[in-house]
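The sequence shown: position 572 = 572 (the working numbering), numbered continuously. The C-beta atom is built at its ideal place from N, Cα and C for all residues, glycine as well. Working notes for the structure below.
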Amino acid sequence: MAEALKTTGAEEVRWDLGDLFSSPDDPAIEAALARELERAKSLEARFKGKVATLDPKTFAAMMRELADHEESAAKPEVYAYMLHSQDTQDHAAGRLLARVREAAAERGVHLVFFPLELAQITDEQAASLYADPEAVAYRHFVEHERKFRPHQLSEPEERVLTDFSPVGNGAWVRLFEELCARIRVDLGGEQVQLDVALNLLREPDREVRRKASGAITEALRGDIRTRGYIFNVILQEKAIDDRVRRFPSWISSRNLANETSDEAVQALVDAVTGRYDVCVRYYRVKRKLLNVGDLHEWDRYAPISETTRDLTWDEAKDLVLGSYNRFSPRAGKLVEQFFADRWIDAPVVPGKAGGAYCMPVTPHHHPYVLMNFTGKLRDALTLAHELGHGLHDRLASNQNVFDYHPPLTLAETASVFGEALTFDRIMAEEKDPKVRLAMLCNQCEDAFSTVFRQVAFNRFEDASHNSRRSEGELSVEELGETFQEKLQAMFGEALVLTDDHKVWWSYVGHFLHTPGYVYAYAFGNLLALSVYHRFLDAGPSFVEKYLDFLAAGGSTRPDELVKGIGMDITDPGFWDAGLKILDGMVAEVERLSGGR
1 MAEALKTTGA EEVRWDLGDL FSSPDDPAIE AALARELERA KSLEARFKGK VATLDPKTFA
61 AMMRELADHE ESAAKPEVYA YMLHSQDTQD HAAGRLLARV REAAAERGVH LVFFPLELAQ
121 ITDEQAASLY ADPEAVAYRH FVEHERKFRP HQLSEPEERV LTDFSPVGNG AWVRLFEELC
181 ARIRVDLGGE QVQLDVALNL LREPDREVRR KASGAITEAL RGDIRTRGYI FNVILQEKAI
241 DDRVRRFPSW ISSRNLANET SDEAVQALVD AVTGRYDVCV RYYRVKRKLL NVGDLHEWDR
301 YAPISETTRD LTWDEAKDLV LGSYNRFSPR AGKLVEQFFA DRWIDAPVVP GKAGGAYCMP
361 VTPHHHPYVL MNFTGKLRDA LTLAHELGHG LHDRLASNQN VFDYHPPLTL AETASVFGEA
421 LTFDRIMAEE KDPKVRLAML CNQCEDAFST VFRQVAFNRF EDASHNSRRS EGELSVEELG
481 ETFQEKLQAM FGEALVLTDD HKVWWSYVGH FLHTPGYVYA YAFGNLLALS VYHRFLDAGP
541 SFVEKYLDFL AAGGSTRPDE LVKGIGMDIT DPGFWDAGLK ILDGMVAEVE RLSGGR
């Protein structure tokens, strides 16, 4: 346990949020909220009832003003969220988060008209707008909004939903996150955060892993019925929203937002579940490498070698920066600024939200990274992953606020690509075949976690949403049985999940805050693997094409964006290419280990 809890050098690596606001009590926050409320009222007074009939010049002027409003309004919300995630037990941060969400709802009721009227733009009016050199800048956004027309409600109905939003989904998600942040795992009398305990599942000593796994299960059982109730509320809220908005399935709204068809997503899911054999083959090999009779959940990420590589924060920083600089000095310079200007919050501290994220703010304000650095090699890969998101955001800063964010299906491309750059640098410098095998195993496991596990999560979500709609409220036992069934499927007989594993669904925040999100990890990972192998084949000539792809943000449909880097995601067989790469990784593990 001491290994996981040692000093890493990340203890003082805290982000500086001062370029947003100075404190939760900064008067500039209330001033911004008041100013943007008045601006929302002004936009409503001037443009309500007119959006679909504006001439192109006036339309472009309205969009510029709305974009400026969106950027200004985002800053208090992002600041409050990050302040709360750095310490979920801080009452001042929690109070501010509630305040900005209430302000967003109050402001939002005055802008309900906008997407409703935007969706009513006719083909003729759209053609007129797109013929104008200024208005055409908003083409993709307009076309995307028009696709939601069949799912919109009347303005009075939309206003009521907006009014109730502060006590809706966001409030329940906040409660769930705070409950998870308070989870403490008892490791031999020492109370540690969940992230620290989860990291022990990568320790060489099997008994340490087994005990950590059992302790995590016990910790998750506390408050599980409360978390299960929250999940049921989210499931039912989604069912109601889908019913009143006339979405055919629980996943359809997410797919529409991702600009991906239900059929395309199902093709991805079918392709991945159809290759669970890749995962099974790998764990058969791992079972022999570890020389154990049966593998269980505490063995999923067990190192195959007693030799583990730990890193200080500075070593991880140098590794990641060097990897990005070797790929592209321009990319490296953008990434380096995250360290130089204190845009990263790295240490494990009490009350801090678990996991890691990169938080974009606006095109005109830099993003931030939060992570929990424990000194393991995988933390360096997590850092590379989140900085990939950061690079994507910084390159896309030339886009307007409506086209700044890529859809979720492309949002993981840059992050996985950055991980691959860093991993290959590690492998290039490591000559010991045993260590190389261990590292390749780690890479397989991370890829499986992102592809196979996330699709298994999707299958759990699918079953949970559909069962909640057909059978009513689901017990935590029913949720656990479903979770176990869907996760066990990816391992076959090669790894057996014990009954303790049935409660492990209950800390996965994505199920609540973004229903349907998780398949995007598999989408992005398989796409990123294909993109990275295209880079390895093409060499330096690919670099600028890739950076241009990132700079495009979300300015057009995903299938159009990836054409610039030679990809065709509309091909039903596209996913086979990425899955073959994973198959090849397992074949290499089999070769290096002397066979299955």
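Exercise for the section: Look at the alpha carbon of S154 and the alpha carbon of G49, and state the distance between them as a whole number of angstroms. Expected result: As a working mapping, residue 154 is identified with position 154 in the sequence shown. As a working mapping, residue 49 is identified with position 49 in the sequence shown. So the two alpha carbons sit approximately 13 Å from each other.
Handout entry: Close beta carbons around S72, own chain, < 6 Å, minus the five adjacent residues each side
Key = If you number the sequence shown from 1, residue 72 lands on position 72. Cβ contact annotation for S72 (same chain, cutoff 6 Å, sequence separation greater than five): E36, in chain order.
Exercise for the section: Run the CB neighbour count on V269, radius 10 Å, all protein chains shown included, and call it buried at 16 or more, exposed below. Expected result: Position 269 of the sequence shown holds residue 269. Buried is the call here.
Practice task
Can you tell me which of the three DSSP states D424 falls into?
Solution key: Locating residue 424 in the sequence shown gives position 424, where the first residue counts as 1. When secondary structure is reduced to three states using DSSP, D424 falls in the helix class.
Practice task
Kindly list the residues whose CB is nearer than 6 Å to the CB of V192, restricted to its own chain and excluding five residues on each side of it in sequence; keep chain order.
Solution key: In the sequence shown, the residue the question calls residue 192 occupies position 192. Contacts found: V185.
Problem - Reduced DSSP secondary structure (H/G/I, E/B, other) of L187 - result: Here residue 187 refers to the residue found at position 187 of the sequence shown. Of the three classes helix, strand and coil, the one that applies to L187 here is strand, per DSSP.
Handout entry: C-beta contact flag for V416 and T450 at 9 Å
Key = By 1-based counting over the sequence shown, the position of residue 416 is 416. By 1-based counting over the sequence shown, the position of residue 450 is 450. In this structure, T450 lies closer than 9 Å to V416 by Cβ.
Practice task
Compare the beta carbon distance of F113 and E70 with 9 Å and say whether it is the shorter of the two.
Solution key: Numbered from 1 along the sequence shown, position 113 holds the residue referred to as residue 113. Numbered from 1 along the sequence shown, position 70 holds the residue referred to as residue 70. The answer is no: Cβ separation not under 9 Å.
Exercise for the section: Have a look at A380, N372, H364, L387 and flag the residue whose alpha-carbon is nearest the alpha-carbon of L334. Expected result: The count along the sequence shown starts at 1 and reaches residue 334 at position 334. L334 has its Cα closest to that of L387, out of A380, N372, H364, L387.
Problem - Touch test, the region 290-302 against the region 478-495, Cβ-Cβ under 8 Å, three pairs minimum - result: Of all C-beta pairs linking the region 290-302 to the region 478-495, three or more are shorter than 8 Å, placing the two stretches in contact.
Handout entry: As assigned by DSSP and simplified to three states, the class of M359
Key = Along the sequence shown, read from residue 1 onward, the residue named residue 359 stands at position 359. Correct three-state label for M359: strand.
Practice task
Below 7 Å CB to CB, which residues in the same chain sit around G214 once its five sequence neighbours on both sides are set aside?
Solution key: For this step, residue 214 is matched to residue 214 along the sequence shown. Cβ within range, chain order: D500.
Practice task
Note down the Cα distance separating S397 from T362, rounded to an integer number of angstroms.
Solution key: Numbered from 1 along the sequence shown, position 397 holds the residue referred to as residue 397. Numbered from 1 along the sequence shown, position 362 holds the residue referred to as residue 362. Looking at the backbone, the Cα of S397 and that of T362 are separated by about 8 Å.
Exercise for the section: Could you say if the region 175-182 and the region 245-255 meet the contact criterion of at least three C-beta pairs nearer than 8 Å? Expected result: They do not touch, by the three-pair rule.
Problem - Nearest-angstrom Cα separation, counted from P27 out to F523 - result: Within the sequence shown, numbered from 1, the residue matching residue 523 stands at position 523. Within the sequence shown, numbered from 1, the residue matching residue 27 stands at position 27. F523 and P27 have their C-alpha atoms spaced approximately 43 Å apart.
Practice task
Could you check the C-alpha separation between A92 and V508 for me, to the nearest Å?
Solution key: On the sequence shown, position 92 is the one that residue 92 refers to. On the sequence shown, position 508 is the one that residue 508 refers to. C-alpha separation (whole angstroms): 26 Å.
Problem - Identity of the residue in E143, I565, D90 nearest T118 by Cα - result: Here residue 118 refers to the residue found at position 118 when the sequence shown is read from its first residue. It should be pointed out that residue 118 corresponds to Leu in this sequence rather than to Thr. Minimum Cα distance to L118 is reached at E143.
Practice task
State the DSSP-derived secondary structure class of D270, mapped to helix, strand or coil.
Solution key: If you number the sequence shown from 1, residue 270 lands on position 270. Under the three-state reduction of DSSP, D270 is assigned to helix.
Problem - Rounded distance between the beta-carbons of A52 and I121, thought under 8 Å - result: Residue mapping note: residue 121 aligns to position 121 of the sequence shown, counting from 1. Residue mapping note: residue 52 aligns to position 52 of the sequence shown, counting from 1. Confirmed, Cβ separation roughly 5 Å.
Handout entry: Sequence-distant residues of its chain with Cβ nearer than 6 Å to Y324 (five each side left out)
Key = As a first step, residue 324 must be located in the sequence shown, where it is residue number 324. Contacts found: A331, G332, V335.
Exercise for the section: Assess, as a yes-or-no matter, whether the region 371-387 is touched by the region 16-24 under the definition of 3 or more beta carbon pairs within less than 8 Å. Expected result: They do not touch, by the three-pair rule.
Handout entry: Same chain only: Cβ atoms within 7 Å of Y79, ignoring 5 sequence neighbours per side
Key = As a first step, residue 79 must be located in the sequence shown, where it is residue number 79. By the criterion of a C-beta distance shorter than 7 Å, Y79 is surrounded in its chain by L17, L20, F21, once the five residues flanking it on both sides are discounted.
Problem - Y79 - containing alpha helix (DSSP H), residue span - result: Walking along the sequence shown from the start, residue 79 turns up at place 79. Y79 -> alpha helix (DSSP H) spans 56-86.
Exercise for the section: Buried or exposed for I240, please, with buried defined as at least 16 other CB atoms from any protein chain shown within 10 angstroms of its CB. Expected result: Walking along the sequence shown from the start, residue 240 turns up at place 240. By the neighbour-count criterion, in which a residue is buried when 16 or more other Cβ atoms sit within 10 angstroms of its Cβ, I240 is exposed.
Problem - Backbone CA spacing between V160 and D262 [nearest angstrom] - result: Here residue 160 corresponds to residue number 160 of the sequence shown, with the count starting at 1. Here residue 262 corresponds to residue number 262 of the sequence shown, with the count starting at 1. When rounded, the distance between both Cα atoms is 29 Å.
Practice task
Please name the residue, chosen from A212, N199, E145, L235, that lies closest to G168 on a Cα-to-Cα basis.
Solution key: Reading the sequence shown from its first residue, position 168 is the one you call residue 168. The shortest C-alpha separation from G168 is found at L235.
Problem - Supposed close pair A60, D132 - CB separation, criterion 8 Å - result: What you label residue 60 is simply residue 60 of the sequence shown in a count that begins at 1. What you label residue 132 is simply residue 132 of the sequence shown in a count that begins at 1. Contact between A60 and D132 is confirmed by a C-beta separation of about 7 Å, below the 8 Å threshold.
Handout entry: Limits of the unbroken beta strand (DSSP E) element including Y368
Key = Locating residue 368 in the sequence shown gives position 368, counting from the first residue. From DSSP, the beta strand (DSSP E) with Y368 extends over 368-370.
Practice task
State the DSSP-derived secondary structure class of Q484, mapped to helix, strand or coil.
Solution key: As a working note, residue 484 is residue 484 in the sequence shown. DSSP places Q484 within a helical segment (H, G or I) once states are collapsed to three.
Exercise for the section: Within the same chain, show all residues whose beta-carbon is closer than 6 Å to that of A267, passing over the 5 residues directly before and after it, in chain order. Expected result: Within the sequence shown, numbered from 1, the residue matching residue 267 stands at position 267. The answer, listed in chain order, is P572.
Problem - Unbroken alpha helix (DSSP H) run spanning H392, endpoints - result: Counted from its first residue, the sequence shown places residue 392 at position 392. In the DSSP assignment, H392 falls within the unbroken alpha helix (DSSP H) covering 377-395.
Exercise for the section: Kindly indicate which three-state DSSP category H405 falls into: helix, strand or coil? Expected result: Here residue 405 is taken as the residue at index 405 of the sequence shown, counted from 1. The DSSP-derived three-state label of H405 is coil.
Handout entry: M585 versus L529 - alpha carbon distance
Key = Taking the sequence shown and counting its residues from 1, the one referred to as residue 585 is at position 585. Taking the sequence shown and counting its residues from 1, the one referred to as residue 529 is at position 529. Rounded to whole angstroms, M585 to L529 spans 11 Å at the Cα level.
Handout entry: Beta-carbon proximity of P76 to S128, cut-off 9 Å
Key = Counting from 1 along the sequence shown, the entry for residue 76 is found at position 76. Counting from 1 along the sequence shown, the entry for residue 128 is found at position 128. Not in contact: P76 and S128 (Cβ atoms no closer than 9 Å).
Practice task
Write down every uninterrupted run of the alpha helix (DSSP H) in the region 258-325 whose length is 4 residues or greater and which is fully enclosed by it, in chain order.
Solution key: Restricted to the region 258-325, the alpha helix (DSSP H) segments that are unbroken, complete and at least 4 residues in length are 262-273, 276-290, listed in chain order.
Problem - G375 vs T312 beta-carbon contact at 9 Å - result: On the sequence shown, residue 375 is found 375 positions in, with the first residue counted as 1. On the sequence shown, residue 312 is found 312 positions in, with the first residue counted as 1. Going by C-beta atoms, G375 is nearer than 9 Å to T312.
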